[in-house]
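Asks:
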Amino acid sequence: MIPDEIRRKRDELAVVACQVNWCDDQGLDDENMPGVGPGGDLNPFGWYVVGTTGGGNGVVVRADDPGVYFADHEWCDDGTAEGVRRELLPLAPSIEEFRRSVDEIDARLDEIG
């Protein structure tokens with residue numbers, strides 16, 4: 043079950059026209075089911091994939107964190123919440139900043155994705 047706060051954040055991000063393929067309701071469920079990476083691996087730590095950039099990479103958010111992050115499909119963590127956080131690459135400190143910085147976000151995604 044995807045928390046309402048994650049759906050709200052996805053909805054706010056989904057209006058941004060960029061290279062991210064934002065998840066619709068079905069995609070949100072599919073990208074975050076157990077066994078699907080990176081979403082299914084991140085969910086136990088409160089992170090959810092709300093969009094994809096191709097190749098299995100995801101754009102992720104967390105209900106209690108204002109930032110927007112990139113999760114590589116080949117990420118490696120130490121099995122702790124802090125380890126997961128270290129492996130995520132920050133895209134923007136907030137959804138508002140993500141929406142204001144689309145060109146910079148796309149350039150960053152080209153660089154890391």
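Add 42 to a position in the sequence shown, counting from 1, and you land on the number used in our numbering.
C-beta: ideal position from N, C-alpha, C; glycine also.
(1) Measuring only the C-alpha atoms, how far is D107 from D120?
(2) Are E70 and V102 closer than 8 Å when you measure CB to CB?
(3) Starting from the C-beta of R115, find all residues in its chain whose C-beta is less than 7 Å away, skip the five residues before and the five after it, and write them out in chain order.
(4) By DSSP, does V110 sit in helix, in strand, or in coil?
(5) I147: buried (16+ other C-beta within 10 angstroms of its C-beta) or exposed?
(6) Residues bridged to N99 by DSSP?
(7) What number of angstroms, rounded off, separates the C-alpha of S136 from the C-alpha of G109?
(8) Using DSSP's beta-bridge definition, name the partner residues of P132.
Replies: Once the coordinates are examined:
(1) Taking the sequence shown and counting its residues from 1, one reaches residue 107 at position 65. Taking the sequence shown and counting its residues from 1, one reaches residue 120 at position 78. Cα-Cα distance, rounded: 20 Å.
(2) Taking the first residue of the sequence shown as 1, we reach residue 70 at position 28. Taking the first residue of the sequence shown as 1, we reach residue 102 at position 60. Before going on, a small fix: residue 70 reads as Leu here, not Glu. Between L70 and V102, the gap from beta carbon to beta carbon reaches 8 Å or more.
(3) Residue numbering aside, residue 115 sits at position 73 when the sequence shown is read from its first letter. One point to set straight first is that residue 115 is His, not Arg, in the sequence displayed. Answer for H115: G79, P80, G97, G98 and N99, listed in chain order.
(4) As a first step, residue 110 must be located in the sequence shown, where it is residue number 68. Three-state DSSP puts V110 in a strand.
(5) Residue mapping note: residue 147 aligns to position 105 of the sequence shown, counting from 1. When all chains shown are included, I147 counts as buried.
(6) Position 57 of the sequence shown holds residue 99. G96.
(7) Numbered from 1 along the sequence shown, position 94 holds the residue referred to as residue 136. Numbered from 1 along the sequence shown, position 67 holds the residue referred to as residue 109. Taking the straight line joining both Cα atoms gives about 4 Å.
(8) Taking the first residue of the sequence shown as position 1, residue 132 is located at position 90. P132 is bridged to Y111.
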